[in-house]
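Report on the structure given below.
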Ligand code: DGL
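Below, the structure is given as structure tokens:
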């Protein structure tokens, strides 16, 4: 699995809970984060390089693209280049949000890259055409927020969350009752986002559904064991920062290694 940085650890957390006997190899491309404000071709090239490394050096059975931006910009190319490899992507949870929302007023926080992608436009169009009630999605590009979470910068994370929640309130109005966290970094700011949004807004992310989907895809090759396997952590950036993030958010104690691509 990979992400632009530490955000995909929110997906790893769900995977470890769902599939404790599975060995996960987590790649953080922190030297190239954030992806959300990069050109799609550049993101796609990084994703191809990391996937090739995971196959060559770790003989993976399946790949989880633990990043909404990379899924939007690179998953089709990954599937085309690796037709024999099951590839599971992460997309903003519009469908679960639509099912949950009573008012139909839904906020979506994601990167500019995700919200501007053709894949997101199709996802939105599918939800609107399948809707059995009136739905209104207010989409907020959150420039800088993944980066602030990546750097564990509490002051910047707070300032950006305040700015984007207040922009969403303006756009969606007081009846917004559901907020989609459409970037895997954002669950690490969920306490703050919940406080800013208030108790009547439910936050929705995709960690648990992606973990269930991964179990389905792995099928009979799933090792059933309650004994947790320690994940392997690799990064193109600072190894200490990734080790510390895994310890802080997942209580995983292991030393991250440099990614050689
Ligand atoms: N965590 C990623 C996502 O889900 C990418 C954030 C970024 O690098 O901009 O979109």
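Residue numbers (the working numbering): 211 to 471. Idealized CB from N, CA, C, for every residue including glycine.
Query, Result
"CB contact flag (residue 418, residue 224, <9 Å)", "yes"
"Ligand 1 heavy atom lying under 8 Å from the CB of residue 371", "no"
"Per DSSP, the bridge partner or partners of residue 348", "317"
"Nearest-angstrom Cα separation, counted from residue 442 out to residue 248", "27 Å"
"Paired residues, beta bridge with residue 213 - DSSP", "238"
"Three-state secondary structure assigned by DSSP to residue 470", "coil"
"For residue 270, three-class secondary structure by DSSP", "coil"
"Span separating the alpha-carbon of residue 260 from that of residue 354", "24 Å"
"CB contact flag (residue 300, residue 263, <9 Å)", "no"
"Closer than 8 Å: residue 251 CB and nearest ligand 1 heavy atom", "no"
"Segment limits, beta strand (DSSP E) that includes residue 414", "412-414"
"Sequence-distant residues of the same chain with beta carbon closer than 8 Å to residue 437, five excluded per side", "230 and 231"
"C-alpha gap between residue 258 and residue 384, whole angstroms", "43 Å"
"Those runs of the alpha helix (DSSP H) which lie wholly inside the stretch 399-437 and span at least 4 residues", "400-407 and 417-428"
"For residue 462, the three-state DSSP class (helix, strand or coil)", "coil"
"Beta-carbon gap between residue 390 and residue 254 smaller than 9 Å", "no"
"Rounded separation between residue 473 and residue 311 - CA only", "The requested residue 473 does not occur in the structure, where the chain is confined to residues 211 to 471."
"Cβ neighbours of residue 221 in the same chain (closer than 6 Å, five flanking residues each side left out)", "276, 394, 417 and 420"
"CA nearest to the CA of residue 325, picked from 339, 250 and 363", "250"
"Spatially closest choice to residue 361 from 213, 233, 243 and 227, by CA coordinates", "243"
"Neighbourhood of residue 305 by C-beta, 7 Å cutoff - its chain only, sequence neighbours within 5 removed", "337"
"One or two residues paired with residue 389 in a DSSP bridge", "317 and 413"
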